[in-house]
Amino acid sequence: MISSGAGPSARLRLEPWPPFGSGSVSPEALAERRRLAEAGDADALAFTAVLAALGAGEPQDWSTALRRLTRAADLGSAFAQQQLATLADTEASDGTRWADLAAAVDLGAWLAPAPKERLLREPRISVARAFLPRRACAWLVARARGRLTTAQVFDPATGAARREAGRSNSAFEFELADLDLVTLAVRARIAATVGTVAGALETVQVLHYAPGQRFERHYDFLDIAVAGYAQDVAARGQRVATFLIYLNDEYEGGETDFPMVGLSFKGATGDALMFANVDLDGAPDRRTLHAGLAPTSGEKWLLSQWVRDRAPG
Ligand SMILES: O=C(O)CCC(=O)C(=O)O
Ligand SMILES: [Fe+2]
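The opening position of the sequence shown corresponds to residue 8 in the numbering used here, with each subsequent residue numbered one higher.
Written as structure tokens, this is what we have:
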């Protein structure tokens, strides 16, 4: 078994909270992007759409975000055009009018909680079938492909990130500059389904497993018996839930395995699995021990979203 909080959670300690608050984009660069957007730069406009959806330096507003994205698409940003098509879940063609596509985006559906069914009562494990359309899954895979790094863990003893033998898979962790409206809509839908706010979500990761790669048995809650984790929990809250989205299903093996409760789950493309890492009293629940088993053939792509018990601030 490997340490709790394994994975790029390490980054949380090295970067300011809330997630996406800085890191990849300096305040000066942000201001410059806003200026460029006002001057009609299509890519900068697409970026300010992200800022509106996040509520970064302005009120959080999805309609504004979508309006900016549409303008960026009109001005020729292929990135914005692809986002609109993915959000509307349609194929764009030469004659596509971007305003029509924007009108076809069902924001209400994106931002609403998805229906879920309980798989297990203790610990609480649920599944949301067809949580995401295939196009959105493919979008997330495309965002991560080619930008994967070997997953690291935070060592609370040394405060440094290091490679972890029990985790041979790789991951892509979205920073501010990597975000887009599809990814943020997915996060909004996760937050609604879990019953929390987007601010309680850590940075989002896309995980990739080649055949033989795995994420060994671990807990996602932060064990406050470890001093480094206790500090983090005091400052940012406990990691109370985990939300996984299966982004493809063209592989053998690769289940998410809960050995203590005899549950092994493998979703179809777009299915989501969520589980509470704590019991009803908020205490870490050791029955949530789980692993990402190695695919025996094919590649596994998974979105992994850890959820804190509160938003910062
Ligand atoms: O790959 C899996 O099925 C499990 C991933 C996981 O445990 C995590 O992201 O915390
Ligand atoms: Fe996990």
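All C-beta atoms, glycine included, are put in the ideal place defined by N, C-alpha and C.
Residue i, DSSP secondary structure in three states
i       : result
Gly-269 : coil
Ala-149 : helix
Ser-304 : strand
Phe-282 : strand
Glu-257 : coil
Leu-82  : coil
Pro-23  : Note on Pro-23: pLDDT 37, under 50, position unreliable in the model; no value is reported.
Ala-318 : coil
Arg-246 : strand
Gly-235 : helix
Val-204 : coil
Val-32  : coil
Glu-39  : helix
Thr-276 : coil
Leu-45  : Going by the sequence as given, residue 45 is Glu instead of Leu. If DSSP states are grouped into helix, strand and coil, Glu-45 belongs with the helices.
Asp-227 : coil
Leu-188 : helix
Ala-4   : The structure shown does not extend to residue 4, since the chain is modelled only from 8 to 320, so the question has no answer here.
CA nearest to the CA of residue i, picked from the options
i       : options                               : result
Ala-106 : Pro-319, Thr-203, Leu-139 and Ala-79  : Ala-79
Ala-36  : Gln-238, Phe-86 and Leu-183           : Leu-183
Glu-257 : Trp-313, Thr-77, Gly-320 and Arg-141  : Arg-141
Pro-130 : Ser-311, Leu-254, Ala-242 and Tyr-226 : Tyr-226
Ala-119 : Ala-192, Gly-83, Leu-126 and Arg-128  : Ala-192
Ala-51  : Glu-259, Pro-66 and Ser-84            : Ser-84
Ala-195 : Gly-274, Gly-260, Arg-104 and Phe-250 : Phe-250
Arg-224 : Leu-91, Arg-125 and Ser-271           : Ser-271
Met-281 : Met-267, Thr-303 and Leu-127          : Leu-127
Gln-220 : Asp-239, Leu-208, Ala-178 and Ala-205 : Ala-178
Ala-241 : Ala-56, Leu-94, Gly-320 and Thr-93    : Gly-320
Ala-137 : Ala-149, Val-148, Lys-123 and Leu-147 : Lys-123
Gly-269 : Ala-92, Ala-60, Leu-73 and Thr-295    : Thr-295
Thr-276 : Leu-58, Ala-145, Pro-218 and Ala-53   : Ala-145
Gln-245 : Asn-255, Asp-230 and Ala-234          : Asp-230
Asp-101 : Asp-113, Thr-200 and Asp-81           : Asp-81
Asn-284 : Gly-260, Glu-262, Val-314 and Gly-261 : Val-314
Gly-202 : Ala-121, Leu-188, Gly-299 and Val-57  : Ala-121
Which residues DSSP lists as bridging residue i, in chain order
i       : result
Thr-157 : Ser-177
Ser-311 : Gln-212 and Leu-251
Gly-299 : Phe-222 and Thr-263
Pro-291 : Val-285
Hey, which residues come within less than 6 Å of ligand 2, measuring from Cβ to any heavy atom, in chain order? His-225, Asp-227, Thr-249 and His-297
So within the region 90 to 146, which uninterrupted alpha helix (DSSP H) runs reach at least 4 residues, ignoring any that extend past its ends? 105 to 111 and 114 to 118
Could you tell me which whole alpha helix (DSSP H) segments of length 4 or greater appear in the region 47 to 75? 49 to 61
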